[in-house]
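These notes concern the structure reproduced below.
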Amino acid sequence: MNIHGSGSHHAALLTVASAFFLEVLDATIMIVAIIPLADDLGASISGVTLALAAYLLALVVFTPASGHLFKTLGLAQRFQCGLLILCLASLACASSQNLYMLCIARLAQGFGSALIVPAGRTLILANTDKDQIPRIMAWLIAPALVAPIVAPSIANVLLSLGNWRLIFGFIAFCAAGLIAICRATLFALPAPAARQHPLDVYAYGLWALSSSALFTMFVAGSNSRPLFTLLAAIVMLYAGMRLYQRLCQATDKQLFDLSLLNNPLFKFNIVSGSFFRISIYAFPTVLIIHLLKTSDYPPSSIGHCLLFIFAGNLLAKPVAARILANSHSIKRYFLYSALATSITLSVFFYPRLSDPLPVLWLACALHGCARSFQFLGYSSSSLRDIQPSRMHHANILLGAVMQHNALIAQAVPALLAAFLIPSRLPGESSDGFFNLGMATVTVLSLMAVVSALRMPNSSRQGSPPSTASPTNVKAGNHTHSSVVTQGAEDESREAENHR
Numbered sequence: 001m002n003i004h005g006s007g008s009h010h011a012a013l014l015t016v017a018s019a020f021f022l023e024v025l026d027a028t029i030m031i032v033a034i035i036p037l038a039d040d041l042g043a044s045i046s047g048v049t050l051a052l053a054a055y056l057l058a059l060v061v062f063t064p065a066s067g068h069l070f071k072t073l074g075l076a077q078r079f080q081c082g083l084l085i086l087c088l089a090s091l092a093c094a095s096s097q098n099l100y101m102l103c104i105a106r107l108a109q110g111f112g113s114a115l116i117v118p119a120g121r122t123l124i125l126a127n128t129d130k131d132q133i134p135r136i137m138a139w140l141i142a143p144a145l146v147a148p149i150v151a152p153s154i155a156n157v158l159l160s161l162g163n164w165r166l167i168f169g170f171i172a173f174c175a176a177g178l179i180a181i182c183r184a185t186l187f188a189l190p191a192p193a194a195r196q197h198p199l200d201v202y203a204y205g206l207w208a209l210s211s212s213a214l215f216t217m218f219v220a221g222s223n224s225r226p227l228f229t230l231l232a233a234i235v236m237l238y239a240g241m242r243l244y245q246r247l248c249q250a251t252d253k254q255l256f257d258l259s260l261l262n263n264p265l266f267k268f269n270i271v272s273g274s275f276f277r278i279s280i281y282a283f284p285t286v287l288i289i290h291l292l293k294t295s296d297y298p299p300s301s302i303g304h305c306l307l308f309i310f311a312g313n314l315l316a317k318p319v320a321a322r323i324l325a326n327s328h329s330i331k332r333y334f335l336y337s338a339l340a341t342s343i344t345l346s347v348f349f350y351p352r353l354s355d356p357l358p359v360l361w362l363a364c365a366l367h368g369c370a371r372s373f374q375f376l377g378y379s380s381s382s383l384r385d386i387q388p389s390r391m392h393h394a395n396i397l398l399g400a401v402m403q404h405n406a407l408i409a410q411a412v413p414a415l416l417a418a419f420l421i422p423s424r425l426p427g428e429s430s431d432g433f434f435n436l437g438m439a440t441v442t443v444l445s446l447m448a449v450v451s452a453l454r455m456p457n458s459s460r461q462g463s464p465p466s467t468a469s470p471t472n473v474k475a476g477n478h479t480h481s482s483v484v485t486q487g488a489e490d491e492s493r494e495a496e497n498h499r
């Protein structure tokens with residue numbers, strides 16, 4: 001089934017893209033309101049920041065379990081349930097009277113978002129022809145890229161009309177609208193039937209422990225507490241090793257379907273994509289901290305660096321989708337895009353780059369363009385050869401890894417500040433912080449280049465499809481039969497297999 005085939009499929013794509021936009025907006029819109037929120041609740045700015053960051057922790061912890069929650073519901077119903085939780089949790093945030101209530105409500109928001117992303121992406125991609133996936137992914141990603149650009153403007157308008165509570169009310173209103181819309185647009189889409197294994201509660205507990213320890217490490221590092229940071233790191237490493245041992249054991253229960261890693265492109269996204277995502281997620285934080293500490297620019301001008309990064313990302317996305325769709329070698333695409341990302345990161349080492357502000361903004365925009373190409377390559381190739389019946393499991397694993405990458409990227413600047421320049425960030429030490437931080441993100445980006453070089457030259461784009469046995473799929477309350485087609489790889493050909 002081609003999701004471009006009718007207006008109803010366009011409406012379904014727009015609905016899921018809007019939900020992704022709302023999720024990213026919820027994660028970024030409150031940055032502008034941190035100070036008035038702290039004043040109103042009588043809390044510190046750092047405390048409010050960490051309470052808001054609890055949203056990200058909830059995404060990391062609950063995403064692996066999202067496939068096992070509400071198992072009696074179809075994907076469309078699960079998507080709608082996630083929106084309902086997000087709506088109610090946003091109202092709880094708006095009515096919070098202290099920091100603890102806000103933190104709990106933000107955790108509930110993250111829980112709702114953890115249901116939305118895997119279900120929505122699976123519904124769309126399972127009903128999309130493989131040759132259309134790069135274009136579909138570009139449309140799915142584009143609204144999420146717009147959200148950080150428009151978030152400050154929306155927040156300022158809402159703050160001028162009321163206070164920070166109105167921002168959460170706006171999120172709840174948008175979620176309520178999408179709840180009504182998705183009933184008309186998503187419930188008609190066939191959802192692939194997937195074999196459901198029982199949840200491995202022990203493995204999930206280890207996952208939650210390691211993720212919480214990572215968040216604690218971020219909190220301790222942000223407050224320059226090296227001892228607590230070290231203890232949290234030890235707990236995280238121990239839980240991570242036990243989790244790996246548990247996942248390698250053959251059991252009837254399951255947290256992640258690790259057999260998906262037998263797919264080369266999916267494994268490449270997990271491994272190489274993690275280096276890339278940690279790098280690009282950590283870079284803006286390192287840059288902004290450096291500029292705030294060393295430059296005389298107003299915070300609004302420094303904040304425009306983020307705007308230009310996301311603007312370059314957004315503007316390059318249609319071009320990247322066209323180039324990827326017409327590329328005959330996915331290996332060369334990844335190699336060139338990874339090199340471009342590394343080069344645009346390395347130019348920030350030039351000490352006088354930030355002197356003329358427009359030049360700094362231009363460098364940020366060029367970096368945004370480069371990372372747009374690489375990001376689309378990962379998002380479009382990872383699910384290339386995943387069967388529709390396994391698509392939801394793949395999205396669960398991929399989503400959990402991506403959220404974990406974001407959490408690690410938040411911890412990188414905090415750890416650098418805690419261990420390497422504790423209590424001496426202002427003045428001369430901030431140059432050392434910036435240089436070491438930029439070296440870290442650049443090395444991570446170069447590791448993605450090395451991973452691209454190691455990709456095998458064994459498959460070719462546009463492999464002839466082979467017909468598999470019919471697979472039952474569930475559409476809302478209806479059951480359909482579809483023919484699963486897979487790309488047959490030709491090992492004698494040099495060009496890489498891609499969407």
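Just so we're aligned, residue 1 is where the sequence shown starts under full-length UniProt numbering, counting upward by one.
Even glycine gets a Cβ: it sits at the ideal position worked out from N, Cα and C.
Note that the coordinates shown come from a computational prediction; the quantities given were computed from them, not determined experimentally.
Item	Value
Cβ distance (whole Å) where Tyr449 is taken to contact Ala338 below 8 Å	Checking the sequence shown, residue 449 turns out to be Val, not Tyr. With a Cβ gap of about 4 Å, Val449 and Ala338 count as contacting.
Secondary structure of Leu166, DSSP reduced to three states	helix
Alpha-carbon spacing of Ser211 relative to Arg106, whole angstroms	16 Å
Spatial distance of Thr341 from Gln97 (CA atoms)	44 Å
Ser44 versus Trp164: straight-line alpha-carbon distance, rounded	16 Å
Contained alpha helix (DSSP H) runs [length at least 4] in the region 7 to 35, N- to C-terminal order	7 to 28
Leu324 in three-state terms, based on DSSP	helix
Residue environment, Met241, which counts as buried when at least 16 other CB atoms sit within 10 Å	exposed
Straight-line gap, His10 to Asn127 (C-alpha atoms, nearest Å)	12 Å
Same chain only: Cβ atoms within 8 Å of Asn435, ignoring 5 sequence neighbours per side	Phe349
Selection from Ile289, Ala311, Ser346 and Val271 that minimises the alpha carbon distance to residue 502	This structure cannot settle anything about residue 502, because the visible part of the chain is limited to 1 through 499.
Segment contact flag, the region 166 to 182 with the region 82 to 96, C-beta cutoff 8 Å, min 3 pairs	yes
Ser451 to Ala325 span [Cα, whole Å]	21 Å
Coarse secondary structure for Leu199, derived from DSSP in three states	strand
C-beta atoms of Ile309 and Cys364 nearer than 8 Å	yes
Separation of Lys71 from Val473, as counted between CA atoms	Caution applies to Val473, whose pLDDT of 35 falls short of 50 and renders its modelled position unreliable; the model cannot decide the point.
For Gln254: DSSP bridge partner residues	Leu199
Sequence-distant residues of its chain with Cβ nearer than 6 Å to Leu14 (five each side left out)	none
Which listed residue (Leu52, Thr63 and Gly120) has its alpha carbon closest to that of Ala76	Gly120
8 Å contact criterion, which Leu123 and Leu189 should meet: CB distance rounded	5 Å
6 Å CB neighbourhood of Ala92 in its chain, flanking five on each side removed	Ala105
Between the CA atoms of Gly368 and Ala17 - distance to the nearest angstrom	20 Å
Alpha-carbon spacing of Pro298 relative to Leu357, whole angstroms	11 Å
Outcome for Ser160 when other beta-carbon atoms lying within 10 angstroms are tallied against a minimum of 16	exposed
Integer Cβ distance of Leu209 from Leu397, believed to fall under 8 Å	Between Leu397 and Leu209 the Cβ distance is about 19 Å, and since that is not below 8 Å, they are no contact.
Bounding residues of the alpha helix (DSSP H) (the contiguous stretch that carries Gln109)	Leu99 to Leu125
Per-residue burial, Asp355 [other beta carbons within 10 Å of its own, 16 or more giving buried]	exposed
Enclosing alpha helix (DSSP H) for Phe334 [first to last residue]	Ile330 to Ser346
Leu265 - containing alpha helix (DSSP H), residue span	Pro264 to Thr294
Member of Val201, Leu362, Gln80 and Leu366 whose CA lies at the smallest distance from the CA of Ala65	Val201
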